[in-house]
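*Asks:* Before anything else, here's the structure in question.
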Amino acid sequence: MERENENLKREIESQKKKRTVVRQLTTKLLSKIETNLSADVADGEKKEILEDLKVQLEFKMSELRSLDEKIENHVPESEFENEITSSQEYQEKIVTVQGKIQRLLNRKLNSERRSEADNNEIKETVIAKSSENRTMNFPRLQIENSMHRSTDCKSKSNCVKCRGKHHESICFQRDLNSGKREEKEQNETISVSQNNSSRNESSVILQTVNALAIGREKKCFVKCLLDAGSQISAIREDLSRSLNLQVKGERELNIYTFGEKNCKRNKCKIVEVTLRNINNPEKKITLELMEVPIITTAEIRVPEEKIKQQLRRQGICLIEPSVEKCEPEIGILIGADVLWSITSSEIKRINKSCVAIETAFGWCLSGTFRNEERLTCGFMNVTSQLTVDLDKSVKSFWELESIGMNETNDLSSESEKALQIFESSIILKEKRYEISLSWKEENIKLKENFYVDDYICSVDSDDEARQVYHEKRN
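What follows is the structure, given as structure tokens:
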């Protein structure tokens, strides 16, 4: 019996050591996730990184849960409460970070869906493109093995255009039988038309109100979600701790996720908070709410300015604090246990699919708004015309290919003079060519002064030589 107890203790200690290591790695992963959430990175790259980190975090959480279950099954009763508290607190940290990741991913997904919907609703512009296609057929040129200049060519075939000793494909002279050669142009015209499209946009608005949450040491503006499908009312855990709310007890909470049969059980604290109307201090109510890490990760849409103007015309004014004072996320969930105690019997129909309900904290909307907007897309009609002289392009191409083959007569005067001197000085002598060097004829005769030279050679230093030179020169 004692051996079994010792083995059990050893097993519990080994499981605890393993859990400690896993918790350390999980803490490093949580800090890495927080760094990536606040990092300034491109949206696509940031999304991929967070998705990978989310998968790693889920794996760590499942591993910790299995270790906690093994330890809880064998832990003594005296340590059971502390063990449950520590495991739940660590799981709450993980769930909080998971909620932050999910909210960020949902925002990016919603923005991508909106941009894709807007792009699909706008019709494509019609681009008419007309161009004149030209096909050039180059002659097939056969080159013999023997390489030689055109002046030494023994072939009797001449160019049909200029009668020169070259192929007609590399002739740039005008045709003998025709006058001016017409320059053909290649025109390309691009026209862009104007197009109009209409967009029908529907906005689903959930029941939300803004109130002033009052705690023991602090108060702040908070956004509340009214949900008749929830049996309990809840408050976000970080908001409860920032307000330092009074704890009234604990309760086991069963969470049923949409589309799942099984529920998740968590022990949650019950706290007391006072909610007050922002404009009317007399309208307030004290509620007992359950602390939860996350209420919702979905992005709750706020009524647009056009909807607010339509409500003002019907005498309905929504109570909204400034953006700096109120958090964009849902802080409190008001369920069916409290919902009908804060609502009145006054309900106004805005349209066929939307109503306004008066509550203790002001009016709230519920339903769908449909707005039809006429989007006009203006385009500038641009005509681009490109003129290409194909003959000049082909001519410049063949000029490069025919370097050293064509006979050039446009020589400069200096080149002609040098060529004449060369031809006059070359002599064929005993089957060999002799040519004189090309000296310039203007030979300048330098002056001689042997007398000064003798004096300079007789001195010992450079200074004395300069002095003798200047004296004799003068």
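full-length UniProt numbering applies: residue 1 is where the sequence shown begins, and numbers increase by one.
Every residue, glycine too, gets a C-beta built ideally from N, C-alpha and C.
All values derive from a computational prediction rather than experimental measurement.
Exposed or buried, D227, counting other C-beta atoms within 10 Å across all chains shown (16 or more means buried)?
*Replies:* D227 should be labelled buried.
*Asks:* Any idea if A356 is buried or exposed, counting beta-carbon neighbours within 10 angstroms, 16 or more meaning buried?
*Replies:* A356 is buried by the Cβ-count criterion.
*Asks:* How many angstroms separate the CA atom of S191 from the CA atom of K46?
*Replies:* Confidence in S191 is poor, its pLDDT being 48 and thus under 50, which makes the residue's placement unreliable; the coordinate value appears in the next sentence. Going from the Cα of S191 to the Cα of K46 covers about 40 Å.
*Asks:* For the stretch 346 to 363 against the stretch 247 to 258, are there 3 or more C-beta pairs whose distance is under 8 Å?
*Replies:* They do not touch, by the three-pair rule.
*Asks:* Would the beta-carbon of V271 fall within 7 Å of that of E299?
*Replies:* No. Outside cutoff.
*Asks:* Closest by CA to E282, which one among S240, T297, L212, G229?
*Replies:* If we check each option's Cα against that of E282, L212 comes out closest.
*Asks:* What separation, rounded to the nearest whole angstrom, lies between the Cα atoms of K54 and I101?
*Replies:* If I take the Cα positions, the gap works out to 7 Å.
*Asks:* My parser needs the beta strand (DSSP E) runs of 3 or more residues fully inside the stretch 46 to 121; what are they?
*Replies:* DSSP runs (the beta strand (DSSP E)) wholly in the stretch 46 to 121: none.
*Asks:* Please determine, among I278, K352, W398, the residue with the shortest C-alpha to C-alpha distance to N210.
*Replies:* Residue I278 is the option with its Cα nearest to N210.
*Asks:* Considering just the uninterrupted stretch of the beta strand (DSSP E) at S230, what are its terminal residues?
*Replies:* Per DSSP, S230 belongs to no beta strand (DSSP E) and is neither H nor E.
*Asks:* Which term fits Q207, buried or exposed, when burial requires 16 or more other beta carbons within 10 angstroms of its beta carbon?
*Replies:* Q207 comes out buried.
*Asks:* In this structure, how does DSSP classify F422 when only helix, strand and coil are distinguished?
*Replies:* Of the three classes helix, strand and coil, the one that applies to F422 here is helix, per DSSP.
*Asks:* Helix, strand or coil: which one does DSSP assign to F397?
*Replies:* Correct three-state label for F397: helix.
*Asks:* Since L437 is in the alpha helix (DSSP H), which residue starts that stretch and which ends it?
*Replies:* No alpha helix (DSSP H) contains L437, which DSSP labels as neither H nor E.
*Asks:* Determine whether the beta carbon atoms of K70 and Q24 lie at a separation below 7 Å.
*Replies:* Not in contact: K70 and Q24 (Cβ atoms no closer than 7 Å).
*Asks:* Just mark L239 as buried or exposed, buried being the case when its beta carbon has 16 or more other beta carbons within 10 Å.
*Replies:* So L239 counts as buried.
*Asks:* Enumerate in chain order the residues of its own chain whose CB-to-CB distance from R19 is below 6 Å, with the five nearest sequence positions on each side excluded.
*Replies:* Around R19: L67.
*Asks:* If the criterion is Cβ atoms closer than 7 Å, does the pair I235 and L289 meet it?
*Replies:* Yes; because the gap between Cβ atoms is below 7 Å, this pair is in contact.
*Asks:* If you follow the alpha helix (DSSP H) that Q310 is part of, which residue opens it and which one closes it?
*Replies:* Looking at the DSSP string, the run of the alpha helix (DSSP H) that includes Q310 is 305 to 313.
*Asks:* May I have a chain-ordered list of the beta strand (DSSP E) segments no shorter than 3 residues that lie completely inside the stretch 215 to 257?
*Replies:* If we require 3 residues or more, the beta strand (DSSP E) runs fully inside the stretch 215 to 257 come out as 219 to 226, 234 to 236, 246 to 256.
*Asks:* Under DSSP, the beta strand (DSSP E) around L275 begins and ends at which residues?
*Replies:* Segment 263 to 276, the beta strand (DSSP E) holding L275.
*Asks:* Mapping DSSP to helix, strand and coil, what is G164?
*Replies:* Reduced to three states, the DSSP call for G164 is coil.
*Asks:* Out of curiosity, what's the CA-to-CA distance linking N82 and M61?
*Replies:* Their backbone Cα atoms lie some 19 Å apart in a straight line.
*Asks:* Under the assumption that G99 contacts T343 (Cβ atoms under 8 Å), give the Cβ distance between them as a whole number of angstroms.
*Replies:* Contact flag wrong, Cβ pair sits at about 28 Å.
*Asks:* What number of angstroms, rounded off, separates the C-alpha of S341 from the C-alpha of L64?
*Replies:* Computed Cα separation, rounded: 42 Å.
*Asks:* Could you pull the DSSP bridge partners for L37 from this structure?
*Replies:* BP columns for L37 are empty, so no partner.
*Asks:* Throw me the rounded Cβ distance for the K223 and G331 pair, which I believe falls under 8 Å.
*Replies:* K223 to G331, Cβ: 6 Å. Contact.
*Asks:* What does DSSP give as the partner residues of I357 in its beta bridges?
*Replies:* DSSP lists I347, C364 as partners of I357.
*Asks:* With the cut-off set at 7 Å, would you say F221 and P321 are in Cβ contact?
*Replies:* Yes; because the gap between Cβ atoms is below 7 Å, this pair is in contact.
*Asks:* Can you pull the DSSP bridge partners for K429?
*Replies:* DSSP lists R432 as partners of K429.
*Asks:* Using three-state DSSP, classify E330 as helix, strand or coil.
*Replies:* As written in the sequence, residue 330 is Ile, which differs from the Glu given in the question. Reduced to three states, the DSSP call for I330 is strand.
*Asks:* Leaving aside the five residues before and after I334 along the sequence, list all residues of the same chain whose C-beta is less than 6 Å from its C-beta, in chain order.
*Replies:* So the qualifying residues of the chain are C224, L226, S233.
*Asks:* Apart from the five residues just before and just after L8, which ones in its own chain have a Cβ nearer than 8 Å to its Cβ?
*Replies:* So the list reads H74, once near-sequence residues are dropped.
*Asks:* Short check: CB of S436 to CB of S425, under 7 Å?
*Replies:* Yes. Within cutoff.
*Asks:* For S413 and E168, I'd like the C-alpha separation in whole angstroms.
*Replies:* Roughly 31 Å between the two C-alpha positions.
*Asks:* In the DSSP assignment, find the alpha helix (DSSP H) that holds L339 and state where it starts and stops.
*Replies:* Segment 336 to 342, the alpha helix (DSSP H) holding L339.
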